[in-house]
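Written below as structure tokens is the structure these notes are about.
Protein chains: 2
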Amino acid sequence: MSAEEERRLARVALTWLAEPGTRAVHHLVERHGPVETLDLLLDGGSPAGWLHTTVAARSAAGDARAVAAEALERADRLGARLVTPDDEEWPAQVASLAALRLPDVSRRVDGETAPPLCFWVRGSWPLGEALDRSVAVVGARAATGYGQHVATELGYGLAERDWTVVSGGAFGIDAAAHRGALTAGGLTVAVLACGLDRPYPMGNAALFDRIAETGLLVSEWPPGAEPLRPRFLIRNRVIAAGTRGTVVVEASARSGATQTARRAIHSNRVAMVVPGPVTSAMSVGAHEFLREHSKARLVTGVAHVLEEVGRIGTDLAPLARGPQRATDALDDEARSLLEALPRRGAMGVDRLSARAGVDLRTALRKLSLLEELSMVVRRDDGYALAPPAKPKRAAAETPAST
Amino acid sequence: MSAEEERRLARVALTWLAEPGTRAVHHLVERHGPVETLDLLLDGGSPAGWLHTTVAARSAAGDARAVAAEALERADRLGARLVTPDDEEWPAQVASLAALRLPDVSRRVDGETAPPLCFWVRGSWPLGEALDRSVAVVGARAATGYGQHVATELGYGLAERDWTVVSGGAFGIDAAAHRGALTAGGLTVAVLACGLDRPYPMGNAALFDRIAETGLLVSEWPPGAEPLRPRFLIRNRVIAAGTRGTVVVEASARSGATQTARRAIHSNRVAMVVPGPVTSAMSVGAHEFLREHSKARLVTGVAHVLEEVGRIGTDLAPLARGPQRATDALDDEARSLLEALPRRGAMGVDRLSARAGVDLRTALRKLSLLEELSMVVRRDDGYALAPPAKPKRAAAETPAST
Numbered sequence: 001m002s003a004e005e006e007r008r009l010a011r012v013a014l015t016w017l018a019e020p021g022t023r024a025v026h027h028l029v030e031r032h033g034p035v036e037t038l039d040l041l042l043d044g045g046s047p048a049g050w051l052h053t054t055v056a057a058r059s060a061a062g063d064a065r066a067v068a069a070e071a072l073e074r075a076d077r078l079g080a081r082l083v084t085p086d087d088e089e090w091p092a093q094v095a096s097l098a099a100l101r102l103p104d105v106s107r108r109v110d111g112e113t114a115p116p117l118c119f120w121v122r123g124s125w126p127l128g129e130a131l132d133r134s135v136a137v138v139g140a141r142a143a144t145g146y147g148q149h150v151a152t153e154l155g156y157g158l159a160e161r162d163w164t165v166v167s168g169g170a171f172g173i174d175a176a177a178h179r180g181a182l183t184a185g186g187l188t189v190a191v192l193a194c195g196l197d198r199p200y201p202m203g204n205a206a207l208f209d210r211i212a213e214t215g216l217l218v219s220e221w222p223p224g225a226e227p228l229r230p231r232f233l234i235r236n237r238v239i240a241a242g243t244r245g246t247v248v249v250e251a252s253a254r255s256g257a258t259q260t261a262r263r264a265i266h267s268n269r270v271a272m273v274v275p276g277p278v279t280s281a282m283s284v285g286a287h288e289f290l291r292e293h294s295k296a297r298l299v300t301g302v303a304h305v306l307e308e309v310g311r312i313g314t315d316l317a318p319l320a321r322g323p324q325r326a327t328d329a330l331d332d333e334a335r336s337l338l339e340a341l342p343r344r345g346a347m348g349v350d351r352l353s354a355r356a357g358v359d360l361r362t363a364l365r366k367l368s369l370l371e372e373l374s375m376v377v378r379r380d381d382g383y384a385l386a387p388p389a390k391p392k393r394a395a396a397e398t399p400a401s402t
Numbered sequence: 001m002s003a004e005e006e007r008r009l010a011r012v013a014l015t016w017l018a019e020p021g022t023r024a025v026h027h028l029v030e031r032h033g034p035v036e037t038l039d040l041l042l043d044g045g046s047p048a049g050w051l052h053t054t055v056a057a058r059s060a061a062g063d064a065r066a067v068a069a070e071a072l073e074r075a076d077r078l079g080a081r082l083v084t085p086d087d088e089e090w091p092a093q094v095a096s097l098a099a100l101r102l103p104d105v106s107r108r109v110d111g112e113t114a115p116p117l118c119f120w121v122r123g124s125w126p127l128g129e130a131l132d133r134s135v136a137v138v139g140a141r142a143a144t145g146y147g148q149h150v151a152t153e154l155g156y157g158l159a160e161r162d163w164t165v166v167s168g169g170a171f172g173i174d175a176a177a178h179r180g181a182l183t184a185g186g187l188t189v190a191v192l193a194c195g196l197d198r199p200y201p202m203g204n205a206a207l208f209d210r211i212a213e214t215g216l217l218v219s220e221w222p223p224g225a226e227p228l229r230p231r232f233l234i235r236n237r238v239i240a241a242g243t244r245g246t247v248v249v250e251a252s253a254r255s256g257a258t259q260t261a262r263r264a265i266h267s268n269r270v271a272m273v274v275p276g277p278v279t280s281a282m283s284v285g286a287h288e289f290l291r292e293h294s295k296a297r298l299v300t301g302v303a304h305v306l307e308e309v310g311r312i313g314t315d316l317a318p319l320a321r322g323p324q325r326a327t328d329a330l331d332d333e334a335r336s337l338l339e340a341l342p343r344r345g346a347m348g349v350d351r352l353s354a355r356a357g358v359d360l361r362t363a364l365r366k367l368s369l370l371e372e373l374s375m376v377v378r379r380d381d382g383y384a385l386a387p388p389a390k391p392k393r394a395a396a397e398t399p400a401s402t
């Protein structure tokens, strides 16, 4: 076995002995390399006590290197490949996880956010290339029709503009985002929290196959690994750090989606949130996240998302604007005169100028201007608003909303 | 006529000669008092050219003092009273308008944000007292069912907690907020942009009568004054500065409601915005305001509003939380073991400890703990999750949403 194969095997063995993201293991690999780290741990030389017992417990169930070799064979049969930092397609940006520290960590899993040791990948695209220009769209599994609609639109719009749509392959928002990207004929990547041979949830199996055909299925766990609960949180750090930004579409009060957004913020990525009806339980977590994180950005569509993640000067969102009104161009006197005109009937210029607070000479000048713009009509009994047919009148007629 | 009556008459005359909020007039009144200011303007001694022509034009239509005297008589017949800074019930907080400067002023009306010279009031409450503990709830006239529901809830909830609900008496959100407050038997104030004898819109006439019975109808304009378009913007500065904060419920892209919130922010009041579906045109302005103003606060209900405007330490909103789970209390080892258990059937402690990555002795200790908490059951063939009847199982069973 070549030295390189040794290193690859060791990385696989290490992710089996200790969950991905374990800082102690990452530090050892950084210092001694994967092979030496594996030997060290197997010889019981773990720095942390809990890591020692974990390694011992896992080892009791089998030989780490043998398990790793078998995993590589299974992956081969599955048409999946192992990607490590030694490979050209390794996504460099995940290295930023080495610096990720979440505030007020209560569970150990929130503290174990080290970079991945390796990825299992199914699909033809080079992983790094696929993630280079990517945005994550994540959210509730129990999504509403509203949330699924928005997620699909985002997935479609981003893919249409050659952005890779990354998500977790779950029911609800994740699936909608993946499908939107697929519909646009774009690139989408599902980052799973289990082995690629047993994608979770099974109900999305067909979706996963479609994704693998044109995009990528990715996981840090070897074939056969189960979607144990903590693994979703461990996986979320990769979705956050592997993309330029994370968009949360719907999230209940206690949601993993906001955990991904939290990891995005603390990895100096853009965390974006789509608001929803305050009457919807599926938006409670989204709104709370916006209230708690001043760095989080409210986005209402793909234009806003592109504004956040796009290169400066490009992909800018147009500011929301109401219909431009003909009266916008008028100066204060002209507008005052227009607004002083009665809804029905005409008014003499003397009364009109008094009512508008504009002197007579100015009033006459402005009124003839308004006449040319066919906003007012001159009659024997004075001036009147132009007939309803003209759209201008509506503008002059409607008082501002409060 | 007493000196005081002279001053009151002068203030009324001044608001007829020049629209309320005119800075030049405010400065003169501050320096010379209302009576001298009136004489000065009538003698053509206006500082600004446009003010000169405005005064001249209005004077041409009648004698300012005579018009003012007639307005006072009309108000008397109407059961309305004039309130000036000389009166005890004057709301002191509107003085902050003297410092209000809006950025990038395009129309003159946006620059004329001086404090009011006087108020016309209908209703028995002292104006200052009514506005002391008040919140403004404003929004679109073309409100959706969602917006009206939220505005009614806010009006009701605030009134229920003895906060005065202030709005503009318009259709849609304004009316819903007023009605919510009335339903709670609370105090509500409608600030109008026209004379109290011809409230606009006419369709809310019945509502205005109900408000006047238990709350207040307020206007800067004398009886007979019409709801000219610019007056709504002029009025909005009073809603913003007269309250502790302004809540925008629904606002289209070009909305007067966000103009009120803008005036609130620049008057150092709290500007709050209720988000909505991004698919709704009636929320476009609300979301854009949140994106443009970092000081604006997203609120989802009365608890959040109270948190913003309430005295520090009181009226605090509870943080949105998901259901507390029994597993929250567990340490890492116990949780790992629980999560390593198969969905169905039992598992031997050796395999279990290996799968969970917990050494055997710890595993046995934690498992007996879990057994006491009736989260797991011991069987001849090992340990299993407690039967479905127990809610705990659902928690252990459901993987985190992505």
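Going down the list, the protein sequences come from chains F and X. The first sequence begins at 1 in full-length UniProt numbering and counts up by one. The second sequence begins at 1 in full-length UniProt numbering and counts up by one. Glycine residues also receive a C-beta, built at the ideal position from the N, C-alpha and C atoms. Remember, it's a predicted structure, so these values are computed and weren't measured experimentally.
Under the three-state DSSP convention, the category residue i falls into
i, result
"F/Gly-348", "coil"
"X/Tyr-200", "coil"
"F/Ser-134", "strand"
"X/Val-248", "strand"
"F/Leu-370", "helix"
"F/Met-1", "coil"
"X/Leu-117", "coil"
"F/Val-273", "strand"
"X/Ala-384", "strand"
"X/Val-377", "strand"
"X/Leu-290", "helix"
"X/Leu-298", "strand"
"F/Asp-63", "coil"
"X/Val-12", "helix"
"F/Asp-39", "helix"
"F/Gly-45", "coil"
"X/Asp-359", "coil"
"F/His-266", "coil"
"X/Glu-308", "helix"
"F/Ala-334", "helix"
"X/Trp-163", "coil"
Contacts that residue i makes with chain X (C-beta to C-beta distance below 8 Å)
i, result
"F/Ala-340", "Leu-228"
"F/Arg-58", "Ala-354, Gly-357"
"F/Val-150", "Val-278, Thr-279"
CB-CB length for residue i against residue j, believed under 8 Å
i, j, result
"F/Val-278", "X/Val-150", "6 Å"
"X/Val-121", "X/Val-218", "5 Å"
"F/Val-299", "F/Val-274", "6 Å"
"F/Trp-16", "F/Val-94", "That belief does not hold up - the Cβ atoms of F/Trp-16 and F/Val-94 are roughly 20 Å apart, past 8 Å."
"X/Ala-187", "X/Gly-215", "Here residue 187 of chain X turns out to be Leu, not Ala, going by the sequence shown. The Cβ separation is near 5 Å, so the contact holds."
"X/Val-248", "X/Thr-258", "6 Å"
7 Å Cβ cut-off: residues of chain F touching residue i
i, result
"X/Asp-209", "Chain F residues near X/Asp-209: none, gap ~19 Å exceeds 7 Å."
"X/Pro-277", "Tyr-146, Gly-276, Pro-277"
"X/Val-166", "Within 7 Å Cβ-Cβ: nothing; X/Val-166 doesn't reach chain F, min ~11 Å."
"X/His-287", "Pro-275, Leu-298, Thr-300"
Listed by chain order, chain F residues near residue i by CB distance under 9 Å
i, result
"X/Thr-188", "Within 9 Å Cβ-Cβ: nothing; X/Thr-188 doesn't reach chain F, min ~14 Å."
"X/Leu-290", "Pro-275, Leu-290, Leu-298"
Where residue i meets chain X, residues with beta-carbon distance less than 7 Å
i, result
"F/Gly-301", "Val-278"
"F/Thr-214", "The contacting residues do not exist; F/Thr-214 stays about 21 Å from chain X at best."
"F/Ala-175", "Going along chain X, no residue has its Cβ under 7 Å from F/Ala-175, so there is no contact; the nearest lies around 10 Å."
Closer than 7 Å: residue i CB and nearest the ligand NAD heavy atom
i, result
"F/Gly-123", "For the ligand NAD, the structure offers nothing, since it holds no ligand at all."
Check: When the Cβ atoms of the region 256-271 of chain X are set against those of the region 234-248 of chain X, are three or more pairs found closer than 8 Å?
Finding: yes
Note to self: Contact between the region 55-62 of chain X and the region 338-355 of chain F is defined here as three or more beta-carbon pairs at a separation below 8 Å; is this criterion met?
What the structure shows: yes
Checklist line | Any alpha helix (DSSP H) of 4 or more consecutive residues that is wholly inside the region 165-223 of chain X | finding: For the region 165-223 of chain X, whole alpha helix (DSSP H) runs of length 4 or above, ordered along the chain, are 173-183, 205-214.
Check: How do the region 43-58 of chain X and the region 194-210 of chain X stand: do at least 3 beta-carbon pairs fall below 8 Å, yes or no?
Finding: no
Notebook entry, point to check: On the three-pair Cβ rule with 8 Å, is the region 110-130 of chain X touching the region 12-28 of chain X?
Noted result: Touching, yes.
Checklist line | In chain order, each beta strand (DSSP E) run of at least 3 residues that lies wholly inside the region 70-130 of chain X | finding: Counting only runs of 3 or more, we get 81-83, 119-122.
Notebook entry, point to check: Is it a yes or a no for the region 158-173 of chain F touching the region 136-147 of chain F, going by three-plus beta-carbon pairs under 8 Å?
Noted result: yes
Margin query: For the pair the region 375-384 of chain X and the region 337-350 of chain X, tell me if three or more CB-CB distances fall below 8 Å.
Written below: yes
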